[in-house]
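**Q**
Number of protein chains: 4
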Amino acid sequence: MSFVCLADFQAHAREHLSKSTWDFIDGGADDCFTRDDNIAAFKRIRLRPRFLRDVSQVDIKTTIQGEQISAPICIAPTGFHSLAWPDGEMSTARAAQAADICYITSTFASCTFEEIVTAAPRGLRWFQVYPYPNRELNKQLIQRVESLGFKALVMTLDVPTSGNRRQDTRNKLDLKTILLRKDLRFPEERHIASDLQMSPFDASFCWKDLSWFQGITQLPIILKGILTKEDAELAVKHNVQGIIVSNHGGRQLDDVAASIDALTEVVTAVQGKMEVYLDGGIRSGNDVLKALALGAKCVFLGRPILWGLACKGEQGVQEVLNILKKELHTSLTLAGCRSVAEISQDLVQFSRL
Amino acid sequence: MSFVCLADFQAHAREHLSKSTWDFIDGGADDCFTRDDNIAAFKRIRLRPRFLRDVSQVDIKTTIQGEQISAPICIAPTGFHSLAWPDGEMSTARAAQAADICYITSTFASCTFEEIVTAAPRGLRWFQVYPYPNRELNKQLIQRVESLGFKALVMTLDVPTSGNRRQDTRNKLDLKTILLRKDLRFPEERHIASDLQMSPFDASFCWKDLSWFQGITQLPIILKGILTKEDAELAVKHNVQGIIVSNHGGRQLDDVAASIDALTEVVTAVQGKMEVYLDGGIRSGNDVLKALALGAKCVFLGRPILWGLACKGEQGVQEVLNILKKELHTSLTLAGCRSVAEISQDLVQFSRL
Amino acid sequence: MSFVCLADFQAHAREHLSKSTWDFIDGGADDCFTRDDNIAAFKRIRLRPRFLRDVSQVDIKTTIQGEQISAPICIAPTGFHSLAWPDGEMSTARAAQAADICYITSTFASCTFEEIVTAAPRGLRWFQVYPYPNRELNKQLIQRVESLGFKALVMTLDVPTSGNRRQDTRNKLDLKTILLRKDLRFPEERHIASDLQMSPFDASFCWKDLSWFQGITQLPIILKGILTKEDAELAVKHNVQGIIVSNHGGRQLDDVAASIDALTEVVTAVQGKMEVYLDGGIRSGNDVLKALALGAKCVFLGRPILWGLACKGEQGVQEVLNILKKELHTSLTLAGCRSVAEISQDLVQFSRL
Amino acid sequence: MSFVCLADFQAHAREHLSKSTWDFIDGGADDCFTRDDNIAAFKRIRLRPRFLRDVSQVDIKTTIQGEQISAPICIAPTGFHSLAWPDGEMSTARAAQAADICYITSTFASCTFEEIVTAAPRGLRWFQVYPYPNRELNKQLIQRVESLGFKALVMTLDVPTSGNRRQDTRNKLDLKTILLRKDLRFPEERHIASDLQMSPFDASFCWKDLSWFQGITQLPIILKGILTKEDAELAVKHNVQGIIVSNHGGRQLDDVAASIDALTEVVTAVQGKMEVYLDGGIRSGNDVLKALALGAKCVFLGRPILWGLACKGEQGVQEVLNILKKELHTSLTLAGCRSVAEISQDLVQFSRL
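Residue numbers (the numbering used here), protein chains in the order written: chain V, 18 to 370; chain E, 18 to 370; chain P, 18 to 370; chain D, 18 to 370.
(1) Any C-beta of chain V sitting closer than 8 Å to the C-beta of D/F41?
(2) Tell me, please, whether the CB atom of D/I243 is closer than 8 Å to any CB atom in chain V?
(3) Is the region 121–137 of chain E in contact with the region 219–231 of chain E, if contact means three or more CB pairs nearer than 8 Å?
(4) Please confirm whether D/L338 and D/A116 have their CB atoms less than 8 Å apart.
(5) With a threshold of 7 Å on Cβ separation, who are the neighbours of E/V273 within its own chain once the five nearest residues in sequence on each side are excluded?
(6) Just how far apart, CA to CA, sit V/R182 and V/D48?
(7) What residue from V/P321, V/L323, V/V365 has the CA that sits closest to V/G312's CA?
(8) P/V72 versus chain E: which residues are under 7 Å apart at the beta carbon?
(9) To be precise: take each residue of the region 346–357 of chain D, compare its Cβ to all Cβ atoms of chain P, and keep it if any distance is under 9 Å. Which residues remain?
(10) So, helix, strand or coil for D/L349, using DSSP?
(11) Listing by chain order, which chain V residues have their CB less than 8 Å from the CB of D/E250?
(12) Shorter than 8 Å from the beta carbon of D/V253 to some beta carbon of chain P?
(13) Check whether chain E comes within 8 Å of V/L213, counting only Cβ atoms and requiring the distance to be less than that.
(14) Skipping 5 residues on each side, what residues in its chain have a beta carbon closer than 6 Å to that of E/P177?
(15) Could you name the residues of chain D that V/S19 contacts, counting a contact when the two beta carbons are closer than 8 Å?
(16) Excluding the 5 residues preceding and the 5 following V/G302 in the sequence, name in chain order all residues of the same chain whose CB lies nearer than 7 Å to its CB.
(17) Exposed or buried, E/E153, counting other C-beta atoms within 10 Å across all chains shown (16 or more means buried)?
(18) Do P/V305 and P/I92 have their CB atoms nearer than 8 Å?
(19) At a CB-CB cut-off below 9 Å, which residues of chain E make contact with V/L311?
(20) Within 8 Å of any Cβ in chain V, is that where the Cβ of E/K60 sits?
(21) Using a Cβ cut-off of 8 Å (strictly closer), state whether P/P66 contacts chain E.
(22) What's the C-alpha gap between P/M291 and P/Q82?
(23) For chain D, check one thing: does any of its Cβ atoms lie closer than 8 Å to the Cβ of P/D200?
(24) Leaving out the 5 sequence neighbours to the left and right, which residues in its chain are closer than 7 Å to D/I159 when beta-carbon positions are compared?
(25) At the level of alpha carbons, what is the spacing between E/I42 and E/D248?
(26) Helix, strand or coil for P/G266? Go by DSSP, reduced to three states.
(27) Please work out which residues of its chain come closer than 7 Å, Cβ to Cβ, to E/A310, disregarding the five sequence neighbours upstream and downstream, and give them in chain order.
(28) Helix, strand or coil, according to DSSP, for V/R67 in the structure here?
(29) Grab me the residues of D/S87's own chain with a C-beta within less than 8 Å of its C-beta, minus the 5 sequence neighbours each way, in chain order.
(30) Excluding the 5 residues flanking P/A30 on each side, which residues of the same chain have their C-beta closer than 6 Å to its C-beta?
(31) Quick one: which chain E residues come within Cβ less than 7 Å of V/N181?
(32) For D/A308 versus D/I261, is the C-beta spacing smaller than 8 Å?
(33) Going by DSSP, name the residue or residues bridged to P/F144.
(34) Is any beta-carbon of chain E found at less than 8 Å from that of P/R63?
(35) If contact means a Cβ-Cβ distance below 7 Å, which residues of the region 301–330 of chain P contact chain E?
(36) Work out the CA separation of P/S164 and P/Q332 for me, nearest whole Å.
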């Protein structure tokens, strides 16, 4: 089988994973409207390419939070990579390091954070964190990842409770058991898993509690999940360092706008006071180009990374990233942009549909 | 089979009911455009969730006409429940009482109203009434249900004549015979059935006749079927106590707007002078959330209750109600609302489609 | 088989006619976009029903050009009815007379006009006419039908040349041969057929030539095929008596607007100075109601009449008309209108799509 | 098999070409969105025909760059015609000459330019050129085709790099090998093929380099690929003689607007200062009519010419052109236009979709 585009990895992964694992990775909340609209919404946006510009040298490098990355294409936090490939996040981390992009490691990694860092010591990594009812646990986790060299904290906002994924219910998927399974190589995190059995996240966590986090770390704090101008303005007011516009891949509240449809509202509200990123629905270089044209500094990949892992492990993740980087390079060249700095909103228009 | 969402009940009911019963329950008028658009219209509305609010305690209780209910999810009037489950409305009434919500009993119940009340004596019940040409019959019915403890009258406006349901015609469905069938346990209402054989409803009934009804009862009067601002304004002028925005599940005039599309027009016209409810197309907690965000005080379920009955009787209706209540609880939590009072119109936007 | 709606006649006719006859009846020009959009456009219009009006007596009678008809549902001119039923237009005429509505007889009738009149002497009939290069032929025809009691002339404007119907080309359909075929009972019209072999219609015919027709007849002249405000204004200026908004069932120029979408533009331009009618896409009582709400005085049926003929001859046409009349009666009742005079534009809104 | 419309040629060609050749001809970039939208966009435009005009004589002749052509329907540059028919561009040239329209010969012709001219010495031909890194090669090519009687240079702007056609990658299509294949009768161009192996086009080519081309030729220069008003204004400023609004048949940057959707923006920006043409999605006479109504002086056909070649060689191309000319003649007649000069923007409206 040839792997020419991300959809090829999707098709191959679907064939090779067990049904319940595929459903867990692929699933969205309720009717999966938002999951599917994340893809469809990109298709409703037209590009406006410019010609007769010198595009003999096209450079897709950029920076996030001041750190250089080889392309505005990074890895979103997703859990349980061992479900897709035996050594899980270690492979992901190696591929990210090889690709010279940022990998946001999930709290629900199936390897220890130490294993991940050891696997790819020079990689740029951010850490995804949930607020726990036991704030002390948060403090320990944050200090631990800080000392491991993670460069930013990504706080996931959209899980005050779990989304309603019907297929996982039908499959009787038991993530707590997965967390405790031996082959997930997760010895040190077992207390987290145990703790999560009681009350996974702190649903009472709110804006005023942010300052506690800001007080215990020097790392920049990125809020993941914001979809409205109202929350974007509150984020500015609370002095965080970034926003990831995201709907959790359509896995939490269904029927919200596609990420790319929510992006403009957030970017406009933020007025350049912090970096805005996006995840959800990125499947091609053109999608990256559209997100950047609408104001994203960088995009993050969720499911496609797991497809890459499921197909070929580290090698698969590298191929997924390389395909997308190559497509983005082509997209910039064909659109008349020499660098990500030259990508402006004039490059897109919403279709009449 | 697992029953994870309302669609599971629908699929199972379709398999287990006879074709003509399924067609009767499922059918819409003419081309079934409005029946189907009731569902599709909800999907055209996007949610705008808010985050970092304390949603550790979410309460979905509300009131209708001053009576407390456990959730803004009640049971719309539909006839002939014995078609779906042997003891018909008695099961429905027990499930409604267990769920602590309101059950609007249909004039065309296949149990006597006394049986229904006896089955679930503590349940909150409203009574659905048609204007009859024989006004004395209306008076007897109303006094009877008033003395049985029904708390409001729901006048169905949209049946001056029967809708044109092609499948029922093809199936030669004979509702009069059903009304007179022994196994429908309907001895006391036989005179109604006989009377209906002549002239079922009073097509001459109009706004000025409302005062006659207001004169013979102390119960609040709710008008069911209003779809326009013009009629909403007349309802205000005629001092009724509530409106159910409804198109009769798409079973009367086809090609009218989906209930949820008509809701805003009615809510705006009413200007808060009475409670506005909605039925038609509610299939998930998000649908309830959208209806409330657009101004409904409560929603009513039609077909899903019959699916629940057909699958498991009282137990099925309870499961349908519980799934929806649980979904609504999750929807509120994920949208950042602690109570139905916190649901505002900012929570929704119409999609660009 | 039960015949519950017009679509039942369509399905049955498709099964029983030869492929080339079915294709000829069913076909549209080019990609059949407009043929199909004639139907789809009606579905994009929503009805706004009003309630609590006295609709115990609903009357669907109306008049066209001062003549009373039992319903605003008449028969559009279509040719070659013998293809669908042996005695062709004689059956159509009998059914129209029985239904008490107007039948526009086509120049390409497969019976002689005398046979048609003899078959149904009391029916209201208009005559459809093309401008011929040989104007004398027009004069003879018009005087002939005038003396036969036809009450108006319907000039078809949209055939300066034949539309491009691909299926007829593939089927090598030869209408000239049909015109000359013995079993079409067409002896007296053979000279027309012969004449048509040379140059069927006068493509040079234009606005200034209308006065010649107005000079040779006292009959009202109705222009069929107008789709724009510009042509509607010219029709007013040239003192004709009516317009049929029509795209020839999508059989002439493809990609024009659906009839119902063009209606408002024409009605607005005409400013009540003449009656405006519509054909194209009428398949249900709701369609008739929508057309009247948007300003049509009456609608005309094309293909459904041929389906009725093909299924059951005169009886089939009567059933088609009766179904539609019954549906319209129900639609008016359910929409709160006692008569066609009470149908106003407030009754419809275009959907957000 | 009957060949009644262009789609018939498409279906037949698909059956008779090898998969890899069909894929190469049919393919679009990435998800083929733009390729397909080129077709769909025409279908979203409605025609507004006018009647009662003298259309007994309809003339579809026009001129481009001052040269008369029999219809505003010409041949866009596409490469490697030998893939579709043995003697390749020689057949295309003969058919174009017979049809009396313009044939834009591709740089990647599989016959020598001399062979093409010899095959059809009286045909109107333009030459499609890419800017090469080796400018001397461009100069030789241009002087050669100028002396061969080509009348204009069409500079393709949208290939600073190749589009990402997934099927060609899967098929391991090797165009360089094709260029060097003996049976492509391409002896004299082998140095081009060799040169292309290094660096096909000059991605550094930009607006200021245009003057070099303008300095070495007297031929009018047409820019192919412009899609925005910004580039259209630059084209005016740089004194070129024409623009072909084109997205390269959806083969370069995917997700750009359909050609017909971009046309109005370009025509408006150009303000009549040069001729504007269009390619992409023309499949019927109505499509040509719409393009002209929106301001195109002429349209160019890409894939349909290759379908014609693949089906019947020269004869097939002639049939494709004749079908389209006949359809355009019919479209003008039915729309009330006597000549291309009478086609105005009033003839179209965008649908509500």
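Every residue, glycine too, gets a C-beta built ideally from N, C-alpha and C.
**A** So, from the listed chains and residues:
(1) Sequence index remark: in the fourth sequence, residue 41 of chain D carries index 24 (1-based). No - not a single Cβ of chain V is within 8 Å of the one on D/F41.
(2) Locating residue 243 of chain D in the fourth sequence gives position 226, where the first residue counts as 1. Yes, D/I243 lies at the interface with chain V (some Cβ there is under 8 Å from its Cβ).
(3) no
(4) Stepping through the fourth sequence from its first residue, residue 338 of chain D is reached at position 321. Stepping through the fourth sequence from its first residue, residue 116 of chain D is reached at position 99. In contact: D/L338 and D/A116 (Cβ atoms closer than 8 Å).
(5) In the second sequence, counting from the first residue as 1, residue 273 of chain E sits at position 256. Cβ neighbours of E/V273 beyond the five flanking positions: T51, L244, N264.
(6) Stepping through the first sequence from its first residue, residue 182 of chain V is reached at position 165. Stepping through the first sequence from its first residue, residue 48 of chain V is reached at position 31. Roughly 9 Å separates the two Cα atoms.
(7) Counting from 1 along the first sequence, the entry for residue 312 of chain V is found at position 295. Residue V/V365 is the option with its Cα nearest to V/G312.
(8) Position 55 of the third sequence, counting from 1, holds the residue named residue 72 of chain P. Near P/V72 (Cβ distances below 7 Å), the residues of chain E are P177, A220.
(9) Closer than 9 Å at the C-beta level to chain P, one finds these residues of the region 346–357 of chain D: H346, T347, S348, T350, L351, A352, G353.
(10) Locating residue 349 of chain D in the fourth sequence gives position 332, counting from the first residue. The answer is helix: DSSP assigns D/L349 an H, G or I state.
(11) Counting from one through the fourth sequence, the residue named residue 250 of chain D turns up at place 233. The premise fails here: D/E250 is roughly 12 Å from chain V at the closest Cβ pair, so nothing lies under 8 Å.
(12) Along the fourth sequence, one-based indexing puts residue 253 of chain D at 236. No - not a single Cβ of chain P is within 8 Å of the one on D/V253.
(13) Working through the first sequence from its first residue, we reach residue 213 of chain V at position 196. The pLDDT assigned to V/L213 is 49, lower than 50, so where the model puts this residue is not dependable, and the model offers no usable value.
(14) Position 160 of the second sequence holds residue 177 of chain E. Excluding residues within five positions, the ones whose Cβ falls inside 6 Å are A220.
(15) Working through the first sequence from its first residue, we reach residue 19 of chain V at position 2. Within chain D, the residues near V/S19 are T186, R187.
(16) Translated into the one-based positions of the first sequence, residue 302 of chain V becomes position 285. Closer than 7 Å at Cβ, skipping near neighbours: L341, E344, L345, T347, S348.
(17) The residue given as residue 153 of chain E occupies position 136 in the second sequence. Per the 10 Å Cβ criterion, exposed.
(18) As a working mapping, residue 305 of chain P is identified with position 288 in the third sequence. As a working mapping, residue 92 of chain P is identified with position 75 in the third sequence. No; because the gap between Cβ atoms is not below 8 Å, this pair is not in contact.
(19) The residue you call residue 311 of chain V lines up with position 294 of the first sequence. Here the premise fails: no neighbours, minimum Cβ distance about 14 Å.
(20) Position 43 of the second sequence, counted from the first residue, corresponds to residue 60 of chain E. Chain V contact via Cβ: present.
(21) The residue you call residue 66 of chain P lines up with position 49 of the third sequence. True, the Cβ-Cβ gap to chain E drops below 8 Å.
(22) In the third sequence, residue 291 of chain P corresponds to position 274, counting from 1. In the third sequence, residue 82 of chain P corresponds to position 65, counting from 1. Going from the Cα of P/M291 to the Cα of P/Q82 covers about 9 Å.
(23) As a position in the third sequence, residue 200 of chain P is number 183, starting the count at 1. The predicted model places P/D200 with a pLDDT of 46, which falls under 50 and marks its position as unreliable, so this point remains unresolved.
(24) Taking the fourth sequence and counting its residues from 1, the one referred to as residue 159 of chain D is at position 142. The answer, listed in chain order, is V146, L170, I233, T234.
(25) The residue given as residue 42 of chain E occupies position 25 in the second sequence. The residue given as residue 248 of chain E occupies position 231 in the second sequence. Using only the alpha carbons, I get a separation of about 28 Å.
(26) Your numbering for residue 266 of chain P matches position 249 in the third sequence. In the structure shown, P/G266 adopts helical secondary structure according to DSSP, grouped into three states.
(27) By one-based count along the second sequence, residue 310 of chain E stands at place 293. Same-chain partners within the cutoff: I360, S361, Q362, L364, V365.
(28) Residue numbering aside, residue 67 of chain V sits at position 50 when the first sequence is read from its first letter. Three-state result, V/R67: coil.
(29) Here residue 87 of chain D refers to the residue found at position 70 of the fourth sequence. So the list reads I77, K78, A116, D117, I118, K342, once near-sequence residues are dropped.
(30) Looking up residue 30 of chain P in the third sequence gives position 13. Counting only Cβ-Cβ distances below 6 Å, and skipping sequence neighbours, we find W324, A327, C328.
(31) Locating residue 181 of chain V in the first sequence gives position 164, counting from the first residue. Going along chain E in sequence order, the residues near V/N181 (Cβ under 7 Å) are E344, T347.
(32) Residue 308 of chain D sits at position 291 when you count from the first residue of the fourth sequence. Residue 261 of chain D sits at position 244 when you count from the first residue of the fourth sequence. No. Outside cutoff.
(33) Numbered from 1 along the third sequence, position 127 holds the residue referred to as residue 144 of chain P. Answer by DSSP bridge pairing, in chain order: P/T122, P/L170.
(34) For the purposes of this step, residue 63 of chain P is taken as the residue at position 46 of the third sequence. Put simply, the CB of P/R63 is near chain E, with a gap under 8 Å to one of its CB atoms.
(35) S301, N303
(36) Walking along the third sequence from the start, residue 332 of chain P turns up at place 315. Walking along the third sequence from the start, residue 164 of chain P turns up at place 147. So the alpha carbons of these two residues sit roughly 29 Å apart.
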